[in-house]
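Novice: Let me give you the structure first, and then I'll get to my questions.
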Amino acid sequence: MVRSLAFSPDGQQLAVGSRESMLILWDLNEVLALDELRYGCAWIKDYLEFNASLSESDRRLCDGIKVVH
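Note that full-length UniProt numbering numbers the sequence shown so that position 39 is 39, with each residue one more than the last.
This is the structure we're talking about:
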């Protein structure tokens with residue numbers, strides 16, 4: 001559980017402290033550069049394509065998203 005957080009003075013890092021006495025430093029440039037939607041669509045591609053119980057609209061959740069392997 002997050003107990004505290006703070007940004008570095010230049011706004012490039014985020015420090016997160018937990019109740020379990022753990023400290024995590026995030027490089028915000030790297031975090032913000034992630035493409036979660038493309039990654040997620042690549043991860044569920046086979047599920048969307050081959051799951052017989054999905055509706056057609058569910059199968060199109062990632063239409064227009066270029067999936068990179």
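Beta carbons are placed, not taken as given, at the ideal position from N, Cα and C, and that holds for glycine.
Starting from ASP58, follow the beta strand (DSSP E) in both directions and report where the run begins and ends.
Specialist: Taken as a continuous stretch (DSSP letters only), ASP58 belongs to no beta strand (DSSP E), being part of the alpha helix (DSSP H) at 56-59.
Novice: Sort out for me which residues DSSP pairs ALA15 with in a bridge.
Specialist: Paired residue(s): ALA6, LEU25.
Novice: Give me the residue from ARG59, LEU28, TRP43 with the minimum Cα distance to GLU49.
Specialist: Residue ARG59 is the option with its Cα nearest to GLU49.
Novice: Three-state secondary structure (DSSP) at LEU34?
Specialist: DSSP places LEU34 in coil when its eight states are reduced to three.
Novice: Reducing DSSP to helix, strand and coil, say where GLU20 ends up.
Specialist: In this structure, GLU20 counts as coil in the three-state DSSP scheme.
Novice: Residues in its own chain within less than 7 Å of VAL2 by CB, not counting five upstream and five downstream?
Specialist: Closer than 7 Å at Cβ, skipping near neighbours: VAL16, SER18.
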